[in-house]
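J.:
In our numbering, the protein residues as written are 258 to 407.
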């Protein structure tokens, strides 16, 4: 029987244990923390580099770029097989960590709240636009990663 916490022990010992996703380990949490530090630092660098008048556009661009990159990353990782071992480490570091830190949901929420004061149409257009652009970017990333591998 395996002592690996990610593997569920079978009731019948002549059967192979079925892999399952366990809770992230301290190592995975450390990878996410390190990646998040890099991603948040990169986002801060981009926002400091751009003029304040373009803050809303910058947040949208950061989130769209992050959605595209996440689509590419996850598609490439899915082609390599199960989300265990090194692929899971890469996903935790780059996907959850770097890209999670780089993109920002909280800035979208603040921008949306500020746009609500302008009027409901501004809020709706911003929220729909951000969502559609993000989904389209992720889809494009997935498609391009799939083509390059074929």
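All residues carry an ideal CB built from backbone N, CA and C; glycine is no exception. None of the values given here were measured: they were computed from a predicted structure.
How about residue 358 and residue 302: are their beta carbons less than 8 Å apart?
T.: Here residue 358 corresponds to residue number 101 of the chain shown, with the count starting at 1. Here residue 302 corresponds to residue number 45 of the chain shown, with the count starting at 1. No, Cβ-Cβ distance for residue 358 and residue 302 is not below 8 Å.
J.: How far does the alpha helix (DSSP H) with residue 368 in it reach, from first residue to last?
T.: Residue 368 sits at position 111 when you count from the first residue of the chain shown. Note, residue 368: alpha helix (DSSP H), 362–375.
J.: Whole angstroms are fine: how far does the CA of residue 294 sit from the CA of residue 376?
T.: Numbered from 1 along the chain shown, position 119 holds the residue referred to as residue 376. Numbered from 1 along the chain shown, position 37 holds the residue referred to as residue 294. Cα to Cα, residue 376 sits roughly 35 Å from residue 294.
J.: Within 10 Å of its beta-carbon, does residue 309 have 16 or more other beta-carbons around it, so buried, or fewer, so exposed?
T.: Against the chain shown, residue 309 aligns to sequence position 52. So residue 309 counts as exposed.
J.: Along the chain, where does the alpha helix (DSSP H) containing residue 336 start, and where does it finish?
T.: What you label residue 336 is simply residue 79 of the chain shown in a count that begins at 1. Counting along the chain, residue 336 sits inside the alpha helix (DSSP H) bounded by residues 312–336.
J.: In chain order, what residues of the same chain have a beta carbon less than 6 Å from the beta carbon of residue 315, not counting five sequence neighbours either side?
T.: As a working mapping, residue 315 is identified with position 58 in the chain shown. Excluding sequence neighbours, residue 315 sits near 304, 307.
J.: In whole angstroms, what separates the C-alpha of residue 397 from that of residue 328?
T.: Start at 1 with the first residue of the chain shown, and residue 397 comes out as number 140. Start at 1 with the first residue of the chain shown, and residue 328 comes out as number 71. Near 7 Å, if we compare the C-alpha coordinates of residue 328 and residue 397.
J.: Going by beta carbon distance, what residues of the same chain come within less than 6 Å of residue 289, once the five residues before and after it are set aside?
T.: Position 32 of the chain shown, counting from 1, holds the residue named residue 289. Answer for residue 289: 349, 353, 354, listed in chain order.
J.: On the three-state DSSP scale, how would you describe residue 287?
T.: Taking the first residue of the chain shown as 1, we reach residue 287 at position 30. Note: residue 287 maps to helix in three-state DSSP.
J.: Check whether the stretch 366–380 and the stretch 329–347 touch, using three or more Cβ-Cβ pairs below 8 Å as the test.
T.: no
J.: Helix, strand or coil for residue 344? Go by DSSP, reduced to three states.
T.: Here residue 344 refers to the residue found at position 87 when the chain shown is read from its first residue. Under the three-state reduction of DSSP, residue 344 is assigned to helix.
J.: Are residue 347 and residue 356 close, meaning C-beta to C-beta below 8 Å?
T.: The residue you call residue 347 lines up with position 90 of the chain shown. The residue you call residue 356 lines up with position 99 of the chain shown. No, these two residues do not count as a Cβ contact at 8 Å.
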